[in-house]
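Following the working numbering, the numbering of the sequence shown begins with -16 at its first residue and continues without gaps.
Note that CB positions come from ideal geometry on N, CA and C, so glycine has one too.
Just so you know, these numbers come straight off a predicted model, no measurement behind them.
Please read the structure below before turning to the comments.
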Amino acid sequence: MSANLTSRDRLLRAMRCQDVDHTPCAFMSFAALRGRCQDAYEVARQELAWGLDSWIFAPPTWRNERPNHPDLRGLPIRLPADVKVELWLEDAPDDDCPVLHKTYHTPAGRLTTSVRKTADWPHGDFVPLVDDFQIPRALKPLVTDEADVEGLRHLLIPPTAEEIAIFRGELARAGAFAAAHGVIIAGGWGVGADMAGWLCGLEQLALLAVDRPALVQELLAIIGRWNEARMRVVVEAGVDLYIRRGWYESAQFWSPRLYRRLILPWLQRESALAHAHGALFGYIMTAGLTPMLDLIAESGVDVLLGLDPLQGGPDPLAAARDRLAGRVCLWGGVNAALTVEAGSADDVTTAVGRALETMAGVNGFILSPVDNVTRITRNVWRNVDVFIETWRHAVGLNRF
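This is the structure in structure tokens:
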């Protein structure tokens, strides 16, 4: 092994649980920095200038460029031509918030949702097909019964030839940048039960999984086949890492028994598909992951993103190390919201040191705030500097 790996080689070796020249540091997500930059390539250049191990996600669209699916990165979601949409706003006599109503007219019938337009609703007079903000504000989720599941079949369609061609063009640009700057390319996001949570509401989905598991199984199968068609476009085009989001697939929402029955088979299928095309398979889960670690070990996942030391037990990073070390790369180690964004410089120094100490001598660790640095206060930027400098000092790099 070279004593001076490129960022790309260092991350790939870490994700394969191989030895590296030093522990890599790559931010899972860095919305605060995106606000300073023109595009994803400028973000990567800045991270590399700081000495971080950066990466490019393809397609590199930002949240505001995904109106129908702001919380699902990746290929666009479009509605089929034979689905007609109604959208209207009305005052609610018993509520201080107006209500947005949306109806999708499909060949199998109507799908409807109603959402409270609260003061912090970020989408104006629009309702995305899926996003996080709808879950607590939905008076009527889009999917509640078998008839809605049938209607959903007509909404979720595979990428078009035009969308595939556009993606391949974006990937070619990302590939040229990656080759020139020595970074990896990631694609995705894959999605399963997170999508079901958006469509049904998380509380309602948990109840349906217990009371009507066959309905949830069919819903996840529809989502799974749709997701697989999208995934094939990405992995066949060629990425280093394919990532599936699983924030809503943790033990906060699913028992291990239901996870094994309803979620694990799709995760195994997707990891095998990634591997068949030479890609590593990443899986995002933060809170509530400890009870799922043995199941994740069975899944074929190569990289577990989102190891947060302050969520899910007394020491989730150590628990994951003890049960997955050498088999699954662990990416994370420091809480973003409480430590980097709201903590002191000493808090950051301590947290970075503790994460590196916990994973000392273990092949397969990537240091990162979990999961996103979003705020842009002066305290945050100071703490980002402290985070990077503490890591650089600990792994023996010069000051940047």
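Fill in: Same chain, Cβ closer than 7 angstroms to residue 395, five either side skipped, listed in chain order
Past the edges of the chain, shown from -16 to 383, lies residue 395, and the structure says nothing about it.
Q. Under a three-way DSSP split, which group does residue 172 fall into?
A. strand
ask   = When burial is assigned at 16 or more other CB atoms within 10 Å of the CB, is residue 365 buried or exposed?
value = Exposed.
Practice prompt. Please specify which runs of the beta strand (DSSP E), each continuous and at least 3 residues long, are wholly inside the segment 109 to 160, giving them in chain order.
Written response: For the segment 109 to 160, whole beta strand (DSSP E) runs of length 3 or above, ordered along the chain, are 121 to 123.
If I'm right that residue 164 touches residue 27 with Cβ under 8 angstroms, what's the distance once you round it to whole angstroms? 7 angstroms
Determine which residues share a DSSP beta bridge with residue 98 and list them. 83, 121
- Among residues of its own chain, excluding the 5 on either side of residue 95, which ones have a beta-carbon nearer than 8 angstroms to its beta-carbon? 84, 85, 86, 87, 123, 125
Measuring alpha carbon to alpha carbon, tell me which of 381, 294, 64, 98 ends up nearest residue 72.
Nearest in C-alpha terms to residue 72, of all of 381, 294, 64, 98, is 98.
- Message: Residues in the same chain with beta-carbon distance under 7 angstroms from residue 172, minus the five sequence neighbours each way, listed in chain order, please.
- Response: 55, 56, 57, 226, 227, 228
DSSP state of residue 47 mapped onto helix, strand, coil:
Residue 47 sits in a helix when the DSSP states are folded into three classes.
Check: What first and last residue would you give for the alpha helix (DSSP H) that runs through residue 207?
Finding: 196 to 220
Counting Cβ pairs, one atom from each stretch, are 3 or more of them under 8 angstroms apart for the segment -8 to 1 and the segment 325 to 341?
no
Practice item. Under 6 angstroms Cβ to Cβ from residue 147, same chain only, skipping five residues before and after it: list those, please. Key: 216
*Through-space distance from residue 117 to residue 45, alpha-carbon basis*: Approximately 19 angstroms between the Cα atoms of the pair.
Discussion item. So the candidates are 180, 282, 317, 39; which of them puts its Cα closest to the Cα of residue 223?
Written reply: 39
Rounded to the nearest angstrom, what separates residue 218 and residue 260 at their Cα positions? For residue 218 and residue 260, the gap between their C-alpha atoms comes out near 6 angstroms.
Check your understanding: What three-state label does DSSP hand residue 180 in the structure shown?
Key -> helix
TODO: List the residues that DSSP assigns as beta-bridge partners of residue 234.
DONE: Among the bridge pairs identified by DSSP, residue 234 is matched with none.
Examine the ligand ATP and report whether any of its heavy atoms sits within less than 7 angstroms of the Cβ of residue 264.
-> With respect to small molecules bound, the structure shown includes none, and the ligand ATP cannot be examined in it.
_Taking the alpha helix (DSSP H) that residue 279 belongs to, which residues open and close that run?_
For residue 279, the uninterrupted alpha helix (DSSP H) segment begins and ends at 276 to 282.
**Item:** Alpha carbon of residue 12 to alpha carbon of residue 0, nearest angstrom
**Value:** 22 angstroms
Using a Cβ-Cβ cut-off of 8 angstroms (strictly less than) and excluding sequence neighbours within five positions of residue 293, which residues of its own chain qualify?
Cβ within range, chain order: 318, 321, 322.
**Request:** Report the three-state DSSP secondary structure of residue 366 (helix, strand or coil).
**Result:** helix
Inset, instruction - Counting only the same chain and skipping the five closest in sequence on each side, list residues whose C-beta sits under 6 angstroms from that of residue 157. - result: 39, 41, 168
Go to residue 266, then tell me how far its beta strand (DSSP E) extends in each direction, as first and last residue. 263 to 267
* **Reference residue 10, options 314, 142, 130, closest by Cα** => 314
Would you tell me roughly how many angstroms separate the C-alpha atoms of residue 92 and residue 176, rounded to the nearest one? 24 angstroms
For this session: Spatial neighbours of residue 110 within its chain, please: CB distance less than 6 angstroms, with the 5 preceding and 5 following residues excluded, ordered by chain position.
Result: Around residue 110, the same chain offers 83, 85, 98 as residues with beta carbons nearer than 6 angstroms, after the five sequence neighbours per side are excluded.
Using only CA atoms, which one of 288, 361, 192, 363 lies nearest to residue 349? 288
Cβ-based burial, residue 70 [other Cβ within 10 Å; buried from 16]: exposed
- [ ] Determine, using beta carbons only, whether residue 309 and residue 302 come nearer to each other than 8 angstroms.
- [x] no
To the nearest angstrom, report how far apart residue 100 and residue 53 are at their CA atoms.
17 angstroms
At 3 residues or longer, and completely inside the segment 4 to 77: list those beta strand (DSSP E) runs for me, N to C.
Counting only runs of 3 or more, we get 38 to 41, 67 to 73.
Exercise for the section: Could you name the residues of the same chain whose beta carbon sits closer than 6 angstroms to that of residue 63, not counting the 5 residues immediately before and after it, in chain order? Expected result: 140
#### Entry: Contact set for residue 358: own chain, Cβ-Cβ below 8 angstroms, skip 5 residues either direction
15, 324
Would you identify the three-state DSSP class for residue 339, choosing helix, strand or coil? helix
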